[in-house]
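Enquirer: So the sequence shown is numbered by the UniProt record's numbering: it starts at 4 and just counts up by one. Don't be surprised by glycine CBs; every beta carbon is placed ideally from N, CA and C.
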Amino acid sequence: RLSEKLGDIAHKLRGSARISESDLDDTLREMRLALLEADVALPVVRHLMSEVREQALGAEVARSLQPGQVIIKILHDVLADVLGGQRRDLDLSKIPSVVLLCGLQGAGKTTTAGKLAKLLASQGKKVALTSVDATRPAAREQLQVLASQVDVPYIEGAGATAAAMAASAVNEAGRSGYHVLILDTAGRQVVDDALMEEIREVAEQVRASERLLVLDAMTGQTALSIAEQFHAAVTMTGCILTKTDADVRGGAALSVARSTGVPVRYIGTGEKIDAFEAFDPDRMAGRILGQGDVVGLVEKIQSSVNQAQAEKTAAKINKGQFDLGDFAEQLGQMQNMGGMAGMLKMLPGVKLPQEALAQVDDKPIKRMQAMVSSMTLKERRYPRVINGSRKKRIAAGSGTSVQEINKMLKQFAQMQKMMKKMKGSKGKRMMAQMAG
Ligand code: GDP
Ligand code: MG
Numbered sequence: 004r005l006s007e008k009l010g011d012i013a014h015k016l017r018g019s020a021r022i023s024e025s026d027l028d029d030t031l032r033e034m035r036l037a038l039l040e041a042d043v044a045l046p047v048v049r050h051l052m053s054e055v056r057e058q059a060l061g062a063e064v065a066r067s068l069q070p071g072q073v074i075i076k077i078l079h080d081v082l083a084d085v086l087g088g089q090r091r092d093l094d095l096s097k098i099p100s101v102v103l104l105c106g107l108q109g110a111g112k113t114t115t116a117g118k119l120a121k122l123l124a125s126q127g128k129k130v131a132l133t134s135v136d137a138t139r140p141a142a143r144e145q146l147q148v149l150a151s152q153v154d155v156p157y158i159e160g161a162g163a164t165a166a167a168m169a170a171s172a173v174n175e176a177g178r179s180g181y182h183v184l185i186l187d188t189a190g191r192q193v194v195d196d197a198l199m200e201e202i203r204e205v206a207e208q209v210r211a212s213e214r215l216l217v218l219d220a221m222t223g224q225t226a227l228s229i230a231e232q233f234h235a236a237v238t239m240t241g242c243i244l245t246k247t248d249a250d251v252r253g254g255a256a257l258s259v260a261r262s263t264g265v266p267v268r269y270i271g272t273g274e275k276i277d278a279f280e281a282f283d284p285d286r287m288a289g290r291i292l293g294q295g296d297v298v299g300l301v302e303k304i305q306s307s308v309n310q311a312q313a314e315k316t317a318a319k320i321n322k323g324q325f326d327l328g329d330f331a332e333q334l335g336q337m338q339n340m341g342g343m344a345g346m347l348k349m350l351p352g353v354k355l356p357q358e359a360l361a362q363v364d365d366k367p368i369k370r371m372q373a374m375v376s377s378m379t380l381k382e383r384r385y386p387r388v389i390n391g392s393r394k395k396r397i398a399a400g401s402g403t404s405v406q407e408i409n410k411m412l413k414q415f416a417q418m419q420k421m422m423k424k425m426k427g428s429k430g431k432r433m434m435a436q437m438a439g
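Here is the structure:
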């Protein structure tokens, strides 16, 4: 894995006070191999390495006091720069703004259409979805089902060709006052000239504000040529990298961003509709360097934790009123964040193999919630009243055991103790940060 390899290199360098020119050469060679193994396209690797070398020499890394820090910083910045520098939002100023999704069959366009609709709707945009797969009604139906799942209206365009259907759907969206129309297209192979021509026509017809290439992160080396060919047919304004949960190496993102200059805007991180996030070049560079996805974790917490709830919790902590009911609620929020596995994956320094993550389960959380829901309000607020007979009752009611209840009460007591420590301004600040 690229992140691990580079992490190792980074680790080695961090320790050393000074490195020689030959150490620098060795380091660059290892970086080059690591990037190639991550499926970054060769021309892109060459560019990255010459960039890092030039900057490293310019910064006189070998003679600097902390060469490790300096070269890691250089590589980080070069990666982030290639990946697109600053994070950019979609241009949705036009009403309606058309967001056109294109890409190969199975890349994840339809799923992504649903994910993006949900995300934009949660940001307060009036969003609608449409599919212009003229020949496959089943494909349109798939999107229709997703639309109702995310509670976003689906518009069925009329017409015999994809371009006609698109035009009709855009008109309808305009009449109904939608801000954004997300347009899903038929999957196509780049070798299929007729379909590539069709997507060109659709793009011209609707003058899409954003034309996004949906690209499977697992396409590896071929990502570059796929991106180039789509870019030639329809000038892309961005790329959405899907299935980054299956391929975390980041090679495709680097290749596409460097070769076409088309920035990655979002990444798909799983099959579920919530497994989607804005792409952050800086964070991806950090991830590639093996520094963990701390920013991602914080953002997940921000979007999952209801702000009002977080404030209420902060107030309770400050007054020493945080009870078992709040505890159960917090556990539920953890689940919203993709459960334990989702959180562990983002922690710095935690590198669990994929199989291990699959085994982390959230059953204990569900059991704890069951126990709390079998308690009376008084028991939740004053756990010390929970005596032996109450424990038996709670265990029976929640289908758990007295041992489990004891264990949970102990964990809660520990948490309460910790919370007392962070009471006051520090705790408040922390909760405010979590709530965004
Ligand atoms: P389309 O042909 O481009 O419309 O692709 P679909 O949206 O139908 O998706 C193809 C497959 O990829 C489906 O099984 C999706 O569940 C899966 N998929 C899409 N995005 C992701 C992702 O980010 N992660 C994972 N693991 N699977 C994804
Ligand atoms: Mg599809």
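If you measure between the beta carbons of ALA235 and VAL259, is that distance less than 7 Å?
Expert: Residue numbering aside, residue 235 sits at position 232 when the sequence shown is read from its first letter. Residue numbering aside, residue 259 sits at position 256 when the sequence shown is read from its first letter. A distance of 7 Å or more separates the beta carbons of ALA235 and VAL259.
Enquirer: Roughly how many whole angstroms lie between the Cα atoms of GLY61 and ASP29?
Expert: Along the sequence shown, one-based indexing puts residue 61 at 58. Along the sequence shown, one-based indexing puts residue 29 at 26. Taking the straight line joining both Cα atoms gives about 18 Å.
Enquirer: In the DSSP assignment, find the unbroken alpha helix (DSSP H) run with ILE202 in it and report its ends.
Expert: Within the sequence shown, numbered from 1, the residue matching residue 202 stands at position 199. Note, ILE202: alpha helix (DSSP H), 196 to 209.
Enquirer: Per DSSP, which residues does GLY241 bridge with? Please list them.
Expert: Numbered from 1 along the sequence shown, position 238 holds the residue referred to as residue 241. GLY241 pairs with LEU215.
Enquirer: Confirm, please, whether the CB-CB distance from VAL237 to ALA206 is below 7 Å.
Expert: Translated into positions along the sequence shown, residue 206 becomes position 203. Translated into positions along the sequence shown, residue 237 becomes position 234. Yes, the Cβ-Cβ distance between ALA206 and VAL237 is below 7 Å.
Enquirer: At which residues does the alpha helix (DSSP H) containing ILE276 begin and terminate?
Expert: What you label residue 276 is simply residue 273 of the sequence shown in a count that begins at 1. Careful: ILE276 lies outside any alpha helix (DSSP H) and carries neither H nor E.
Enquirer: Mind checking whether VAL135 and ALA165 have CB atoms under 7 Å apart?
Expert: Numbered from 1 along the sequence shown, position 132 holds the residue referred to as residue 135. Numbered from 1 along the sequence shown, position 162 holds the residue referred to as residue 165. Cβ distance < 7 Å, so VAL135 and ALA165 count as in contact.
Enquirer: Quick one: using the 10 Å Cβ neighbour count with 16 as the cut-off for buried, is LEU98 buried or exposed?
Expert: The sequence position of residue 98 within the sequence shown is 95, counting from 1. Per the sequence shown, the amino acid found at residue 98 is Ile instead of Leu. So ILE98 counts as exposed.
Enquirer: Quick check on the burial criterion: 16 or more other C-beta atoms within 10 angstroms. Buried or exposed for SER212?
Expert: Your numbering for residue 212 matches position 209 in the sequence shown. Answer is buried; the Cβ neighbour count reaches 16.
Enquirer: Considering only residues of the same chain and omitting the five flanking positions on each side of THR113, which have a CB-CB separation below 8 Å?
Expert: Within the sequence shown, the letter at position 110 stands for residue 113. Excluding its 5 nearest sequence neighbours in each direction, THR113 has C-beta neighbours in its own chain below 8 Å: SER134, ALA142, GLN145, LEU146, LEU149, ASP187, listed in chain order.
Enquirer: If we count the other Cβ atoms within 10 Å of its Cβ and call it buried at 16 or more, is SER401 buried or exposed?
Expert: Reading the sequence shown from its first residue, position 398 is the one you call residue 401. SER401 counts as buried, since at least 16 other C-beta atoms from the protein chains shown sit within 10 angstroms of its C-beta.
Enquirer: In the DSSP assignment, find the alpha helix (DSSP H) that holds ALA142 and state where it starts and stops.
Expert: By 1-based counting over the sequence shown, the position of residue 142 is 139. Unbroken alpha helix (DSSP H) run through ALA142: 140 to 152.
Enquirer: Among GLY241, ILE243, ALA220, whose alpha-carbon lies nearest the alpha-carbon of ASP250?
Expert: Your numbering for residue 250 matches position 247 in the sequence shown. The shortest Cα separation from ASP250 among GLY241, ILE243, ALA220 belongs to ALA220.
Enquirer: Which one of LEU215, SER262, ILE243, LEU78 has the shortest CA to CA distance from SER228?
Expert: Along the sequence shown, read from residue 1 onward, the residue named residue 228 stands at position 225. Cα-wise, what sits closest to SER228 is SER262.
Enquirer: Report the rounded CA-to-CA distance for GLU231 versus SER171, giving the unit in angstroms.
Expert: Residue mapping note: residue 231 aligns to position 228 of the sequence shown, counting from 1. Residue mapping note: residue 171 aligns to position 168 of the sequence shown, counting from 1. So the alpha carbons of these two residues sit roughly 29 Å apart.
Enquirer: Alpha carbon to alpha carbon, how far is PRO156 from ALA124?
Expert: Start at 1 with the first residue of the sequence shown, and residue 156 comes out as number 153. Start at 1 with the first residue of the sequence shown, and residue 124 comes out as number 121. Whole-angstrom Cα-Cα distance: 11 Å.
Enquirer: At the level of alpha carbons, what is the spacing between PHE330 and PHE415?
Expert: Counted from its first residue, the sequence shown places residue 330 at position 327. Counted from its first residue, the sequence shown places residue 415 at position 412. Rounded to whole angstroms, PHE330 and PHE415 show a C-alpha spacing of 7 Å.
Enquirer: Return the chain-ordered list of same chain residues with a C-beta closer than 6 Å to the C-beta of VAL405, the five sequence neighbours on each side being excluded.
Expert: In the sequence shown, counting from the first residue as 1, residue 405 sits at position 402. So the qualifying residues of the chain are LYS394, ALA398.
Enquirer: Let's test the definition: count the other Cβ atoms within 10 Å of the Cβ of ARG49 and tell me whether it reaches 16, buried, or not, exposed.
Expert: Position 46 of the sequence shown holds residue 49. Exposed: under 16 other Cβ atoms inside 10 Å.
Enquirer: So ILE243 and LEU215 are supposed to be a Cβ contact under 8 Å. How far apart are they, rounded?
Expert: Reading the sequence shown from its first residue, position 240 is the one you call residue 243. Reading the sequence shown from its first residue, position 212 is the one you call residue 215. That pair is a contact at about 5 Å.
Enquirer: Go ahead and pull the three-state DSSP assignment for THR114.
Expert: Along the sequence shown, one-based indexing puts residue 114 at 111. In the three-state reduction of the DSSP assignment, THR114 falls in the helix class.
Enquirer: If distances are taken between C-alpha atoms only, which option among PHE282, PRO140, GLY87, VAL153 comes closest to ALA161?
Expert: Stepping through the sequence shown from its first residue, residue 161 is reached at position 158. It is PRO140 whose Cα lies nearest to the Cα of ALA161.
Enquirer: So does THR113 have its beta carbon nearer than 6 Å to some heavy atom of ligand 3?
Expert: This structure lacks ligand 3; its bound ligands are ligand 1 and ligand 2.
Enquirer: Mind checking SER96: buried by the 16 CB within 10 Å criterion, or exposed?
Expert: Against the sequence shown, residue 96 aligns to sequence position 93. SER96 comes out exposed.
Enquirer: If we ignore side chains and look at the alpha-carbon of each, how far apart do residue 3 and ARG210 end up?
Expert: Residue numbering for the chain in the displayed model covers 4 to 439; residue 3 lies beyond these limits and cannot be assessed.
Enquirer: Give me the Cα-Cα distance between THR222 and PRO284, rounded to the nearest whole angstrom.
Expert: To locate residue 222, count along the sequence shown from 1; it is residue 219. To locate residue 284, count along the sequence shown from 1; it is residue 281. Cα to Cα, THR222 sits roughly 20 Å from PRO284.
Enquirer: With DSSP as the reference, please indicate the residues paired to GLY271 in a beta bridge.
Expert: Position 268 of the sequence shown, counted from the first residue, corresponds to residue 271. Answer by DSSP bridge pairing, in chain order: PHE279.
Enquirer: Assuming VAL55 contacts LEU31 under a Cβ cut-off of 8 Å, what Cβ separation, rounded to an integer in Å, is found between them?
Expert: Taking the sequence shown and counting its residues from 1, the one referred to as residue 55 is at position 52. Taking the sequence shown and counting its residues from 1, the one referred to as residue 31 is at position 28. Indeed they touch by this definition, with Cβ atoms about 7 Å apart.
Enquirer: Output needed for GLN208: all residues of its chain with C-beta closer than 7 Å, excluding positions within five of it in sequence on either side, in chain order.
Expert: Locating residue 208 in the sequence shown gives position 205, where the first residue counts as 1. Excluding sequence neighbours, GLN208 sits near ALA166, ALA169, ALA170.
Enquirer: Can you tell me the Cβ-Cβ gap for GLY264 and ASP42, rounded? I've got them flagged as a contact below 8 Å.
Expert: Residue 264 sits at position 261 when you count from the first residue of the sequence shown. Residue 42 sits at position 39 when you count from the first residue of the sequence shown. Rounded, the Cβ-Cβ distance is 19 Å, inconsistent with contact.
Enquirer: What does a CB cutoff of less than 7 Å around LYS420 pick up in its chain, not counting 5 residues either side in sequence?
Expert: Numbered from its first residue, the sequence shown carries residue 420 at position 417. If we look at LYS420 and ignore the five residues flanking it on each side, it has no Cβ neighbours.
Enquirer: Under the criterion of a Cβ to heavy atom distance below 6 Å, does ALA150 qualify as lining ligand 2?
Expert: Residue 150 sits at position 147 when you count from the first residue of the sequence shown. No, the beta carbon of ALA150 sits no closer than 6 Å to any heavy atom of ligand 2.
Enquirer: Candidates ASP326, LYS381, VAL375: which alpha carbon is nearest GLN417's?
Expert: For this step, residue 417 is matched to residue 414 along the sequence shown. Minimum Cα distance to GLN417 is reached at ASP326.
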